[in-house]
Amino acid sequence: MATFKVNGVEQNLDIEPEMPLLWALRDELGMTGTKFGCGIASCGACTVHVNGNAVRSCVTPVSAVEGAQITTIEGLASVAAGANPSAPDLSAVQQAWIDHQVPQCGYCQSGMIMAVSSLLASNPNPSDADIDSSITNVCRCGSYPRVRKAIRSLAIA
Amino acid sequence: MKINRRRFLLSSAVVGGGVLIGYSALKPSNHRRANAELATGGEHYVTSFIKIEPNNAITVYVPHSEMGQGVHTSLPMMAADELDAAWEDIIVEQAPAIDLFANGDLVKGFAGEFGLPGFLTGIVNASAVSIAELMNLQTTGGSSSVRFTGETAMRTAGAAARQMLIECAANRWSVARDDCSTELGHVQHNASGRSLSYGELAADAALLEPPENVTLKDPSQFTIMGKAISRVDIPAKVDGTANYGIDAHSEDMLYAAIRLAPVFGTKLVSVDAGDVLSRRGVKRIIELEDSVAVVADSYWRAKEALKGVKSQFESSDADTTSSADLFAGFERSLAEDKNSKVLEIGDAEDAMDSASDVIEGNYTVPYLAHAAMEPMNCTVHLHDGIVEVWTSTQDALGIKGRVAKIAGVAEDDAIFHHCYLGGGFGRRLPFNWNVIDHATLIAKEFDVPVKTVMSREDDMQQDYYRPAVASNFKAAFDANGVVQAWHNRFTGPIQTPGASHIPYAIPNKSIRVVDGDTHVPIAAWRSVDHSQQTFFTESFVDEIAHRSGKNPYQFRMEMLADHPRHRKVLEVAAEAAGYGENLPEGHALGIAVQESFGSIVAEVAEVSLDTNNRPVIHKVTCAIDCGWAVNPDTVEAQVESGIIYGLTAALYGEITIENGRVAQNNFPDYEMVRMADAPEIDVHIVESGEKLGGLGEPSTPPIAAAVSNGLYILTGQRVRELPLKNHDFSRSTPIAQV
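Protein chains in written order, with our numbering: chain D, 2 to 158; chain A, 503 to 1240.
So this is what it looks like as structure tokens:
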């Protein structure tokens, strides 16, 4: 039995310990906001937070997240809001993504937003070099210039 | 069926009251059909595309796929503006996959431009369908949605609806139509100050026949077009709720992992499934003509189980073929002028013979995979004599027909559920059937939904590729050093007629294509033939400029005297990029220009080498003349996107063939431009007021040449083979700039 919390809700799943977290989320829990891109932790489309840290869920077995707090794109805003009923529906990063019209096809953006949220939590004013070294997600639509602008807007704020 | 339909908001049927108006239904037959087949309760369908409800909610149906290019916003903007609706009142819906919402205007548009494009002629050749049947598509490709469907269908539908609503109001008030005006979803009688909402007039309008002729707005009258409107699909793409084909989900769903014949065109011989069937969750091993699949209750279990399945495929002549063999074949084909076809003829060969000076360059590009972020997938559910399909596609109607045919049900008994596309780039066009066919054949064995997913490795190794191409270029100069002749021989096939054409005033041009067929399947890849031809032609033009002792920018300007739009974008891009001004030490600028899909694009790339002598692209300055801009922010986003896509190909893109099969299998060996490589991009929209040009593709072609031309200035090395990662720039000698 695999036990962990997803967006604050405890989940007990009768699955193999080696099943990657990505597939537990998508196929077992039906939470499809987290995307399958490469399966080898190269592209970052599957990025989620495990105890607040960005991890690539396609290579993370559920045995490695036993008892952990998982946050996915679906819960990013609500987890940040906590018990505050007047908190906005979107996190600051998600709102910046709308303000700067970042996504195109959008498929990579769940992972991109999770990676950027994690970066900004630990480094609120990242340099370009910081961004380059920590945001290594692949976007085939080439949203990178807008990702950088959106991050800068958050850093200034 | 346990699929939660609320998750598939894009798959809406036509429901709700009010009036539906659309260009495609201006013909009475479609008008009658819409009423007979779609209307329920008190609904009245005048035509298609625009529905007005009593509460003034206005729905625009978009007959194109949304793959990030913004058509779910730009097309409704065009209809809403002509209708004089308030943008806030507009509801956008994906048009259902039924022929009433076909977008044949695309076919008409292309036919007028340069004959049918390759991705459509392929269908004609393969299935012997008529041109008339081609009108029955919902294809999204060829950078066509806004310039063809938007201009011909959306704007006309909006304008027709507006005229009908005015007529109804004028009749109700017993006033002249000319005394009425429209604004923000209302008709007003200016003299009396009376006003009726479109919703209040909708029932009356439903009784009218749409006008045969409508007057479109002058740009000065636009209220929505030309504004940077936020895209309607973006909110769902930041909170995880956007549904792509791969996100189809139900409690009873099964999942298939598939292994296709690694050497293209070969068949499955035998399978040894070992203990796989006894593994947890595994339901069946399915053998198809060219593949073997494992079906299980989760994709991961299916994929893991497939690793334990041994399979043998038949041997083939291609089993020992490598990229080197294919390129050697191209060289022979070029040398023998094999099955050559003349594209443009001039006295170029005579000019070569009498020339004082001839330069020559052999250019090549490799195969490229599309590598859309969403791996190829398709979910099919056969039940109760019908078939339902969920997939990300650039042609919903085409997929529906294909799945119905393979499932053995009537097309009317097929239901297509629209999904967002996690990238298209040509991979999801009709005719690239491989996952669709397999998913349907697998699902035929079950009565629950089955989702077939290609792994990234499958996706990369079972693509329909941008062709590898070899070419031979020559240019002849007279005694005064003036270029007199241009010679281009390249391997085909041709998918985009006209891509090898150059606009430069060179008196004699000889352009010819020779046989380049191989066993590797090919298809349209963002910008199609322009992707390779522009690298070739804009690099070789640069060679001619340097040989002529001219500055590459000035040379182009002089040779484009009869092409003011080309000159303008070159001028705007060069000036914005600081061309001719002092650059940081070790930096250089390369320039290129190309017209494709109705838009003209000039790009200036600022490049340098890093400490390991690898190219660094600091900034790309781009000027695009796309006629005018429906949504300027989308124009900029598409230009940025096309540049990055082309830059990935220029720097890294290379699919090679070893033992008949693709050697690369995932992003580590098919590398992508990421944040660290991505240049700053400065986009300038040149509004010439000419006919609308395409946007999804035209910024891709020039970038490889712009970067290579800059690297030549920096290093003295002329890049004639892509990708750049294979070049050694360690021994560089900057050239003296003119």
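For glycine and all other residues, C-beta sits at the position ideal for the given N, C-alpha and C.
Evaluate residue i with the Cβ neighbour count: other Cβ atoms within 10 Å of its Cβ, from every protein chain shown; 16 or more gives buried, anything less gives exposed.
{"i": "residue 2 of chain D", "result": "exposed"}
{"i": "residue 709 of chain A", "result": "exposed"}
{"i": "residue 891 of chain A", "result": "buried"}
{"i": "residue 1232 of chain A", "result": "exposed"}
{"i": "residue 1108 of chain A", "result": "buried"}
{"i": "residue 1122 of chain A", "result": "buried"}
{"i": "residue 10 of chain D", "result": "exposed"}
{"i": "residue 1083 of chain A", "result": "exposed"}
{"i": "residue 1242 of chain A", "result": "Chain A is shown from 503 up to 1240; residue 1242 of chain A falls before or after that span and cannot be answered."}
Let me see if you follow: with CB-CB separation under 8 angstroms, is residue i close to chain D or not?
{"i": "residue 742 of chain A", "result": "yes"}
{"i": "residue 579 of chain A", "result": "no"}
{"i": "residue 923 of chain A", "result": "yes"}
{"i": "residue 1196 of chain A", "result": "no"}
{"i": "residue 691 of chain A", "result": "no"}
{"i": "residue 1182 of chain A", "result": "yes"}
{"i": "residue 849 of chain A", "result": "no"}
{"i": "residue 800 of chain A", "result": "yes"}
{"i": "residue 624 of chain A", "result": "With a pLDDT of only 45 at residue 624 of chain A, under the threshold of 50, the placement of this residue in the model should not be trusted; the figure read from the coordinates follows. False, the Cβ-Cβ gap to chain D never drops below 8 angstroms."}
{"i": "residue 504 of chain A", "result": "Model confidence at residue 504 of chain A stands at a pLDDT of 32, short of 50, so the residue's coordinates are unreliable and nothing is read from them."}
{"i": "residue 928 of chain A", "result": "no"}
{"i": "residue 1033 of chain A", "result": "no"}
{"i": "residue 1174 of chain A", "result": "yes"}
{"i": "residue 840 of chain A", "result": "no"}
{"i": "residue 1177 of chain A", "result": "yes"}
Please report whether the beta-carbon of residue i lies at a distance below 8 angstroms from any beta-carbon of chain A.
{"i": "residue 15 of chain D", "result": "no"}
{"i": "residue 162 of chain D", "result": "Absent from the model: residue 162 of chain D. The displayed extent of chain D is 2 to 158, so no value can be given."}
{"i": "residue 5 of chain D", "result": "no"}
{"i": "residue 151 of chain D", "result": "no"}
{"i": "residue 91 of chain D", "result": "yes"}
{"i": "residue 34 of chain D", "result": "yes"}
{"i": "residue 48 of chain D", "result": "no"}
Just the Cα atoms here: how many angstroms apart are residue i and residue j?
{"i": "residue 621 of chain A", "j": "residue 1028 of chain A", "result": "Note that residue 621 of chain A has pLDDT 48, beneath the 50 cutoff, so the model's placement of it is unreliable and no number is given."}
{"i": "residue 674 of chain A", "j": "residue 723 of chain A", "result": "26 angstroms"}
{"i": "residue 1159 of chain A", "j": "residue 1035 of chain A", "result": "22 angstroms"}
{"i": "residue 1193 of chain A", "j": "residue 1136 of chain A", "result": "18 angstroms"}
{"i": "residue 1064 of chain A", "j": "residue 123 of chain D", "result": "57 angstroms"}
{"i": "residue 810 of chain A", "j": "residue 795 of chain A", "result": "11 angstroms"}
{"i": "residue 826 of chain A", "j": "residue 1032 of chain A", "result": "24 angstroms"}
{"i": "residue 17 of chain D", "j": "residue 800 of chain A", "result": "12 angstroms"}
{"i": "residue 701 of chain A", "j": "residue 572 of chain A", "result": "27 angstroms"}
{"i": "residue 574 of chain A", "j": "residue 1012 of chain A", "result": "43 angstroms"}
{"i": "residue 60 of chain D", "j": "residue 117 of chain D", "result": "20 angstroms"}
{"i": "residue 73 of chain D", "j": "residue 112 of chain D", "result": "9 angstroms"}
{"i": "residue 656 of chain A", "j": "residue 783 of chain A", "result": "49 angstroms"}
{"i": "residue 1113 of chain A", "j": "residue 1154 of chain A", "result": "19 angstroms"}
{"i": "residue 637 of chain A", "j": "residue 119 of chain D", "result": "Note that residue 637 of chain A has pLDDT 49, beneath the 50 cutoff, so the model's placement of it is unreliable and no number is given."}
{"i": "residue 909 of chain A", "j": "residue 900 of chain A", "result": "14 angstroms"}
{"i": "residue 544 of chain A", "j": "residue 582 of chain A", "result": "Its pLDDT being 42, under 50, residue 544 of chain A is placed unreliably in this model, and the value from its coordinates should be taken loosely. When rounded, the distance between both Cα atoms is 24 angstroms."}
{"i": "residue 1224 of chain A", "j": "residue 89 of chain D", "result": "48 angstroms"}
{"i": "residue 681 of chain A", "j": "residue 27 of chain D", "result": "59 angstroms"}
{"i": "residue 109 of chain D", "j": "residue 1105 of chain A", "result": "27 angstroms"}
Quick one: list the residues of chain D neighbouring residue i, beta-carbon separation under 8 angstroms, in chain order.
{"i": "residue 1156 of chain A", "result": "Those do not exist, as residue 1156 of chain A stays about 16 angstroms from chain D at its closest Cβ, beyond 8 angstroms."}
{"i": "residue 570 of chain A", "result": "104, 105, 106, 107 and 142"}
By the criterion of Cβ-Cβ separation under 9 angstroms, what are the contact partners of residue i in chain A?
{"i": "residue 73 of chain D", "result": "742"}
{"i": "residue 146 of chain D", "result": "1142, 1146, 1180, 1181, 1182 and 1183"}
{"i": "residue 128 of chain D", "result": "Neighbours of residue 128 of chain D on chain A: none; closest Cβ ~12 angstroms, over 9 angstroms."}
The ligand FAD heavy atoms versus the CB of residue i: any closer than 7 angstroms?
{"i": "residue 756 of chain A", "result": "Ligands displayed in this structure: none; no statement on the ligand FAD is therefore possible."}
Against residue i, what residues of chain D qualify as contacts under a CB-to-CB distance less than 9 angstroms, listed in chain order?
{"i": "residue 757 of chain A", "result": "28"}
For residue i, return the contacting residues in chain A, with the cut-off set at a CB-CB distance below 7 angstroms.
{"i": "residue 43 of chain D", "result": "1168, 1169 and 1170"}
{"i": "residue 39 of chain D", "result": "958, 1168 and 1169"}
For a contact meaning CB atoms closer than 7 angstroms, what does residue i contact in chain D?
{"i": "residue 733 of chain A", "result": "102"}
What are the start and end residues of each continuous alpha helix (DSSP H) run of 4 or more residues lying completely inside the segment 16-96 of chain D, in chain order? 77-82
Beta strand (DSSP E) runs contained entirely in the segment 694-766 of chain A, provided each spans 3 or more residues: 696-699 and 756-762
Whole alpha helix (DSSP H) elements within the segment 806-875 of chain A, 4-residue minimum: 825-838 and 850-855
As an exercise, report each continuous alpha helix (DSSP H) stretch of at least 4 residues that is fully enclosed by the segment 872-940 of chain A, in chain order. Uninterrupted alpha helix (DSSP H) stretches at least 4 residues long and entirely within the segment 872-940 of chain A occur at 898-909, given in chain order.
Going along the chain, which unbroken runs of the alpha helix (DSSP H) with 4 or more residues stay wholly within the segment 629-691 of chain A? 633-636 and 657-675
What beta strand (DSSP E) runs, 3 residues minimum, are completely inside the segment 547-610 of chain A? Counting only runs of 3 or more, we get 552-554, 560-564 and 592-596.
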